[in-house]
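*Asks:* Handing you this structure, nothing more for now.
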Amino acid sequence: MIAGKVIDNIWATRKSDSLKGLKFMLIEAIGGKESGKYIIAADTIGAGIGERVLICGGSSARKMLGKDDVPVDAVIVGIIDEDCIF
Amino acid sequence: MIAGKVIDNIWATRKSDSLKGLKFMLIEAIGGKESGKYIIAADTIGAGIGERVLICGGSSARKMLGKDDVPVDAVIVGIIDEDCIF
Amino acid sequence: MIAGKVIDNIWATRKSDSLKGLKFMLIEAIGGKESGKYIIAADTIGAGIGERVLICGGSSARKMLGKDDVPVDAVIVGIIDEDCIF
Amino acid sequence: MIAGKVIDNIWATRKSDSLKGLKFMLIEAIGGKESGKYIIAADTIGAGIGERVLICGGSSARKMLGKDDVPVDAVIVGIIDEDCIF
Amino acid sequence: MIAGKVIDNIWATRKSDSLKGLKFMLIEAIGGKESGKYIIAADTIGAGIGERVLICGGSSARKMLGKDDVPVDAVIVGIIDEDCIF
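Residue numbers (the numbering used here), protein chains in the order written: chain P, 1 to 86; chain L, 1 to 86; chain U, 1 to 86; chain Z, 1 to 86; chain E, 1 to 86.
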């Protein structure tokens with residue numbers, strides 16, 4: 001997983017039917033050499049803008065969505081505790 | 001997923017039979033540190049040149065195509081709304 | 001796999017139910033050009049802060065966890081011997 | 001997918017039995033920020049040195065080879081038309 | 001696949017039970033922009049230090065090991081011929 005900060009919502013009215021109802025967030029990677037990389041992840045946890053999150057990518061991302069036929073390659077799997085400093 | 005801007009069509013007359021009928025687009029990643037990276041993605045949504053799109057990669061990309069035996073590792077899964085600024 | 005050094009624990013109270021009970025560690029890649037990249041990996045081996053570990057990523061990471069439906073894309077699969085210099 | 005230019009053949013006499021009979025080509029990524037990256041891909045299309053090709057990576061690469069148990073993570077899936085400028 | 005040069009053995013006494021008996025090698029990518037990247041790969045071919053090898057990554061790596069439940073994401077699949085210059 002990588003750690004990132006939620007920057008904003010991403011809206012895409014025209015999209016795959018299988019993505020309808022999913023919320024997408026723009027996330028900026030934080031910490032280490034990949035810091036500053038942008039990822040767009042599906043969010044089913046309810047992360048807010050400004051929060052630090054854990055992002056899971058690849059085929060494992062689909063495991064978060066309860067069905068395997070969704071074209072999603074990144075999801076928010078957790079929200080990093082505020083008092084977890086790194 | 002990553003966000004990108006559609007740059008052009010990509011034409012490949014000689015290709016895998018399983019790719020016949022698929023449209024391929026050249027996309028440039030936008031935003032963040034990966035900005036400027038080129039990806040070639042299959043498009044089944046009808047994205048136009050200049051539009052900003054969401055790209056899904058890896059095994060999840062095949063989920064967009066309705067069959068699992070296609071050698072495609074990137075697809076356009078949505079078109080970012082024009083008034084979505086980031 | 002890549003080699004990394006365990007930097008710290010990562011705490012995320014709000015997370016996917018399927019991640020409950022898993023320990024997450026912040027790891028910094030060591031050696032070569034990717035040195036300084038951060039990865040957050042699940043740990044079922046009991047790695048300690050400061051130890052050098054082997055990290056496996058992608059779908060293979062789930063093979064470490066004994067079930068295939070967990071949204072995890074990186075795990076610690078081994079601890080590099082102290083006298084293994086590189 | 002990514003676009004690349006075929007640089008040379010790669011010969012490996014000692015290799016996995018499951019790779020016998022496959023042709024491998026050294027390809028240099030072209031266009032965008034990843035330009036200059038080297039990939040070694042299996043070729044079943046008959047690409048020639050100097051041609052521009054489409055490369056598919058990851059698990060999707062195996063879909064090109066007609067069987068799923070081959071340790072190959074990159075294949076040439078198409079040859080870009082000469083008059084396709086980008 | 002990528003090409004790399006075998007740098008050294010990697011020893012990890014404490015590791016996943018499913019990795020027991022596997023040999024791990026530290027490999028440095030050669031050629032192109034990714035040159036200098038370190039990868040740790042399982043070796044079942046018998047590559048020696050200093051030899052140039054082909055590395056397969058991701059889920060395809062598990063195809064080399066004869067069973068699908070091993071947490072390994074990189075394997076040596078071939079040894080590049082000495083007279084293959086690139």
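Where is the CB? At the ideal position from N, CA and C, for every residue including glycine.
Taking 8 Å as the CB-CB limit, is Z/G57 close to chain L?
*Replies:* Translated into the one-based positions of the fourth sequence, residue 57 of chain Z becomes position 57. So yes, Z/G57 belongs to the interface.
*Asks:* Taking the Cβ atom as the reference point for each residue, do Z/M25 and Z/I10 lie within a distance shorter than 8 Å?
*Replies:* Counting from 1 along the fourth sequence, the entry for residue 25 of chain Z is found at position 25. Counting from 1 along the fourth sequence, the entry for residue 10 of chain Z is found at position 10. In this structure, Z/I10 lies closer than 8 Å to Z/M25 by Cβ.
*Asks:* Could you name the residues of the same chain whose beta carbon sits closer than 7 Å to that of L/D73, not counting the 5 residues immediately before and after it, in chain order?
*Replies:* Looking up residue 73 of chain L in the second sequence gives position 73. Excluding positions up to five away in sequence, the list reads G57, G58 and A61.
*Asks:* Identify the continuous alpha helix (DSSP H) that holds P/A61 and give its terminal residues.
*Replies:* Here residue 61 of chain P refers to the residue found at position 61 when the first sequence is read from its first residue. Per DSSP, P/A61 belongs to the alpha helix (DSSP H) from S59 to R62.
*Asks:* If the cut is a Cβ gap below 7 Å, which residues of chain Z does E/K33 touch?
*Replies:* Within the fifth sequence, numbered from 1, the residue matching residue 33 of chain E stands at position 33. Result: G36 and K37.
*Asks:* Determine which residues of the stretch 53 to 85 of chain Z have a Cβ less than 9 Å from any Cβ of chain E, and write them out in chain order.
*Replies:* Answer set for the stretch 53 to 85 of chain Z: G57, G58, S59, A61, R62, D68, D69, V70, P71, V72, D73 and A74.
*Asks:* Between E/T13 and chain U, is the shortest Cβ-Cβ distance under 8 Å, so that the two count as touching?
*Replies:* To locate residue 13 of chain E, count along the fifth sequence from 1; it is residue 13. Chain U contact via Cβ: present.
*Asks:* Taking Cβ positions, are P/G36 and P/A29 nearer each other than 8 Å?
*Replies:* Counted from its first residue, the first sequence places residue 36 of chain P at position 36. Counted from its first residue, the first sequence places residue 29 of chain P at position 29. Yes, the pair counts as a contact, with Cβ atoms nearer than the cut-off.
*Asks:* Hey, is Z/E51's beta-carbon within less than 8 Å of any beta-carbon in chain E?
*Replies:* Here residue 51 of chain Z refers to the residue found at position 51 of the fourth sequence. It does not; no Cβ of chain E falls within 8 Å.
*Asks:* Any beta carbon from chain Z within less than 8 Å of L/I7's own beta carbon?
*Replies:* Here residue 7 of chain L corresponds to residue number 7 of the second sequence, with the count starting at 1. L/I7 counts as touching chain Z.
*Asks:* If we count the other Cβ atoms within 10 Å of its Cβ and call it buried at 16 or more, is U/R52 buried or exposed?
*Replies:* Residue 52 of chain U sits at position 52 when you count from the first residue of the third sequence. Label assigned to U/R52: buried.
*Asks:* What in chain U is Cβ-close to E/I40, meaning under 8 Å?
*Replies:* Taking the first residue of the fifth sequence as 1, we reach residue 40 of chain E at position 40. Correct list: M1, I2, A3 and L54.
*Asks:* Per DSSP, what kind of secondary structure is U/L19 in: helix, strand or coil?
*Replies:* In the third sequence, counting from the first residue as 1, residue 19 of chain U sits at position 19. U/L19 falls in the helix class under three-state DSSP.
*Asks:* How long is the line joining the alpha carbons of L/D17 and L/V70, rounded to whole angstroms?
*Replies:* Within the second sequence, numbered from 1, the residue matching residue 17 of chain L stands at position 17. Within the second sequence, numbered from 1, the residue matching residue 70 of chain L stands at position 70. Cα to Cα, the separation comes out at about 9 Å.
*Asks:* Taking 6 Å as the limit between beta carbons, can you name the residues of its chain near U/I45, skipping five residues before and five after?
*Replies:* Your numbering for residue 45 of chain U matches position 45 in the third sequence. So the list reads I76, once near-sequence residues are dropped.
*Asks:* Please determine, among E/F86, E/A12 and E/D8, the residue with the shortest C-alpha to C-alpha distance to U/D81.
*Replies:* For this step, residue 81 of chain U is matched to residue 81 along the third sequence. Taking only the C-alpha atoms, the option nearest U/D81 is E/A12.
*Asks:* Could you list which residues in chain Z have their beta carbon closer than 7 Å to that of E/I27, in chain order?
*Replies:* Looking up residue 27 of chain E in the fifth sequence gives position 27. By Cβ distance, chain Z contributes nothing, its closest Cβ being about 13 Å from E/I27, past 7 Å.
*Asks:* Quick one: what does DSSP say U/L65 is sitting in, helix, strand or coil?
*Replies:* Taking the third sequence and counting its residues from 1, one reaches residue 65 of chain U at position 65. It is helical.
*Asks:* At what residues does the beta strand (DSSP E) containing Z/K5 begin and finish?
*Replies:* Taking the first residue of the fourth sequence as 1, we reach residue 5 of chain Z at position 5. Residues I2 to I10.
*Asks:* For the beta strand (DSSP E) that P/V77 lies in, which residues bound it at each end?
*Replies:* Position 77 of the first sequence holds residue 77 of chain P. Here the beta strand (DSSP E) through P/V77 covers A74 to I79.
*Asks:* Taking L/A47 as part of the beta strand (DSSP E), name the residues at either end of that continuous run.
*Replies:* Taking the second sequence and counting its residues from 1, the one referred to as residue 47 of chain L is at position 47. Note, L/A47: premise wrong, no beta strand (DSSP E); not H, not E.
*Asks:* When DSSP builds the beta bridges, which residues end up paired with U/D43?
*Replies:* Working through the third sequence from its first residue, we reach residue 43 of chain U at position 43. The partner list for U/D43 (beta bridge, DSSP) reads U/K23 and U/I76.
*Asks:* Exposed or buried, which one is Z/I55 when buried takes at least 16 other CB atoms within 10 Å?
*Replies:* Along the fourth sequence, one-based indexing puts residue 55 of chain Z at 55. Answer is buried; the Cβ neighbour count reaches 16.
*Asks:* Can you grab the Cα-Cα spacing for the pair L/R14 / L/K67, in whole Å?
*Replies:* Stepping through the second sequence from its first residue, residue 14 of chain L is reached at position 14. Stepping through the second sequence from its first residue, residue 67 of chain L is reached at position 67. So the two alpha carbons sit approximately 21 Å from each other.
*Asks:* Checking contacts by CB at 8 Å: is E/I45 closer than that to chain U?
*Replies:* Numbered from its first residue, the fifth sequence carries residue 45 of chain E at position 45. No, its Cβ sits nowhere closer than 8 Å to a Cβ of chain U.
*Asks:* Any beta carbon of chain U sitting closer than 8 Å to that of E/I118?
*Replies:* This structure gives no information on residue 118 of chain E, because the portion of chain E shown stretches from 1 to 86.
*Asks:* Whose C-beta lies closer than 6 Å to the C-beta of L/G78 among residues of the same chain, with five residues either side of it excluded?
*Replies:* On the second sequence, position 78 is the one that residue 78 of chain L refers to. Contacts found: L54.
*Asks:* Taking just the CA atoms, how far does L/I40 sit from Z/K20?
*Replies:* Sequence index remark: in the fourth sequence, residue 20 of chain Z carries index 20 (1-based). Sequence index remark: in the second sequence, residue 40 of chain L carries index 40 (1-based). Rounded to whole angstroms, Z/K20 to L/I40 spans 29 Å at the Cα level.
*Asks:* Short check: CB of L/G32 to CB of L/V6, under 8 Å?
*Replies:* As a working note, residue 32 of chain L is residue 32 in the second sequence. As a working note, residue 6 of chain L is residue 6 in the second sequence. Result no, Cβ atoms of L/G32 and L/V6 do not sit closer than 8 Å.
*Asks:* What's the C-alpha gap between E/G38 and Z/D83?
*Replies:* Taking the fifth sequence and counting its residues from 1, one reaches residue 38 of chain E at position 38. Taking the fourth sequence and counting its residues from 1, one reaches residue 83 of chain Z at position 83. Checking the sequence shown, residue 38 of chain E turns out to be Tyr, not Gly. Straight-line Cα distance between these residues: approximately 38 Å.
*Asks:* Identify which residue in P/F86, P/G50 and P/I85 has its Cα closest to the Cα of P/D8.
*Replies:* Position 8 of the first sequence, counting from 1, holds the residue named residue 8 of chain P. Looking at the Cα atoms, P/G50 is the closest of the given residues.
*Asks:* Nearest-angstrom Cα distance between L/L22 and E/I85?
*Replies:* Taking the first residue of the second sequence as position 1, residue 22 of chain L is located at position 22. Taking the first residue of the fifth sequence as position 1, residue 85 of chain E is located at position 85. Cα to Cα, the separation comes out at about 37 Å.
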